Amino acid sequence: MKLLEGKRGLVFGLANQKSIAWGITQQCHAHGASLGFTYVNEALEKRVRPLAESIGSELILPCDVQSDEQLDKVFEEVERAWGTIDFIVHSVAFADAEDLKNPFVETSRAGFQLALDVSAYSLVAIARRAAKLMTGGGSIIALSYLGAEKVVTNYRVMGVAKAALEASVRELAADLGPQGIRVNAISAGPIKTLAASGIPGFRDLLSRFEERAPLRRTATQEDVGKTSLYFLSDLSSAVTGETHYVDCGFNITAL
Ligand code: NAD
Ligand code: 0WE
3 MKLLEGKRGL
13 VFGLANQKSI
23 AWGITQQCHA
33 HGASLGFTYV
43 NEALEKRVRP
53 LAESIGSELI
63 LPCDVQSDEQ
73 LDKVFEEVER
83 AWGTIDFIVH
93 SVAFADAEDL
103 KNPFVETSRA
113 GFQLALDVSA
123 YSLVAIARRA
133 AKLMTGGGSI
143 IALSYLGAEK
153 VVTNYRVMGV
163 AKAALEASVR
173 ELAADLGPQG
183 IRVNAISAGP
193 IKTLAASGIP
203 GFRDLLSRFE
213 ERAPLRRTAT
223 QEDVGKTSLY
233 FLSDLSSAVT
243 GETHYVDCGF
253 NITAL
């Protein structure tokens with residue numbers, strides 16, 4: 003059974019084959035969805051365009067989520083091409099490297115604003131525009147991390163940004179629920195992607211995670227993709243405002 007047959011969705015945050023967004027894309031494509039993609043700059047366009055074209059996508063648009071003008075243009079193009087839309091995948095996060103290195107207490111106003119703008123406000127900006135095109139209801143998912151709830155060593159201002167993201171998911175779910183639009187977060191376990199590659203000690207974090215997680219392994223892009231299918235399809239028809247862990251059970255453990 004194909005779960006997303008005839009549905010159209012827009013993916014923010016595909017960078018390369020290791021991206022969590024690519025794991026989600028592969029599942030959506032296998033289940034019959036039509037997909038559009040955005041890329042943040044020309045360097046990433048070179049990676050995103052061939053990946054998108056490999057699954058038959060014709061909607062590949064530039065979008066820095068910090069720009070209201072670019073966001074407006076993306077949704078104008080989507081409306082022109084498709085008219086309506088069924089789902090959104092938000093898989094975008096960024097903080098200044100300095101703010102992931104220095105103690106959280108040293109975070110500057112500009113660094114705080116950057117992390118919160120790209121990683122949390124962008125969901126609000128996208129959801130408002132998408133909702134206008136979700137005439138038959140819809141589903142929106144965003145990617146979060148345990149650092150939203152607990153202090154994870156070195157995650158710093160991104161933990162605050164993910165807390166804001168998860169709270170935004172609940173507020174958006176309440177606002178958009180009456181229109182049949184569901185909004186949920188998937189809190190993924192650590193995965194070696196571009197965004198994780200610059201993090202000092204990430205390999206060590208992965209091996210300690212494997213030892214402690216009940217399933218004795220890390221989560222994969224495919225794991226997150228399969229859970230995304232549940233959230234983006236009718237399988238989760240009465241589920242909204244949730245943060246759902248896809249982390250091999252790590253979050254339930256303590257020493
Ligand atoms: P990734 O580097 O593949 O994806 C991050 C994406 O964010 C990139 O495509 C990048 O272009 C995009 N981005 C950054 N700034 C942007 C901007 N201003 N405008 C538009 N796009 C912008 O890495 P990933 O690990 O797949 O990250 C995807 C999501 O998953 C993020 O929200 C991340 O916080 C979350 N997440 C990652 C992990 C992990 O361990 N990798 C775990 C839990 C949650
Ligand atoms: O959300 C993330 C990482 C997001 C991220 C990564 C970077 C690296 C490059 C945001 N901004 C930047 N800025 C850069 O300049 N994750 C969930 C992955 C991640 O990052 C960590 C983790 C995990 C897991 C940082 C410290 C500890 C654990």
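The sequence shown begins at 3 in the numbering used here and counts up one residue at a time. Where is the CB? At the ideal position from N, CA and C, for every residue including glycine. These figures come from a predicted structure and were not determined experimentally.
Helix, strand or coil for residue i per DSSP?
i: residue 96; result: coil
i: residue 36; result: strand
i: residue 42; result: coil
i: residue 218; result: coil
i: residue 10; result: strand
i: residue 67; result: coil
i: residue 90; result: strand
i: residue 137; result: strand
i: residue 174; result: helix
i: residue 257; result: coil
i: residue 73; result: helix
Mind checking which residues open and close the beta strand (DSSP E) that includes residue i?
i: residue 184; result: 183 to 190
i: residue 245; result: 245 to 248
i: residue 144; result: 140 to 146
Below 8 Å on the Cβ atoms is my guess for residue i versus residue j; work out the distance and round it to an integer in Å.
i: residue 304; j: residue 96; result: What is shown of the chain runs 3 to 257, which leaves residue 304 out entirely.
i: residue 175; j: residue 184; result: 7 Å
i: residue 46; j: residue 24; result: That belief does not hold up - the Cβ atoms of residue 46 and residue 24 are roughly 13 Å apart, past 8 Å.
i: residue 50; j: residue 67; result: So it is not a contact: roughly 15 Å between Cβ atoms.
Using CA coordinates, which residue listed in the options is at the minimum distance from residue i?
i: residue 126; options: 223, 92, 157; result: 92
i: residue 171; options: 186, 159, 178; result: 186
i: residue 214; options: 183, 250, 87; result: 250
i: residue 167; options: 146, 178, 158; result: 146
i: residue 21; options: 104, 229, 232, 195; result: 195
i: residue 144; options: 163, 82, 208, 102; result: 163
i: residue 123; options: 210, 73, 233; result: 73
i: residue 26; options: 44, 61, 90; result: 90
i: residue 216; options: 256, 205, 33, 224; result: 256
i: residue 44; options: 151, 121, 56, 63; result: 63
i: residue 120; options: 179, 29, 98; result: 98
i: residue 197; options: 102, 6, 244; result: 102
Along the chain, where does the alpha helix (DSSP H) containing residue i start, and where does it finish?
i: residue 233; result: 223 to 234
i: residue 115; result: 111 to 118
i: residue 59; result: That residue, residue 59, is in no alpha helix (DSSP H); it is neither H nor E in DSSP.
For residue i, decide whether its Cβ has a neighbour in chain C, counting only Cβ atoms nearer than 8 Å.
i: residue 136; result: You won't find chain C in this structure, because it holds only one protein chain.
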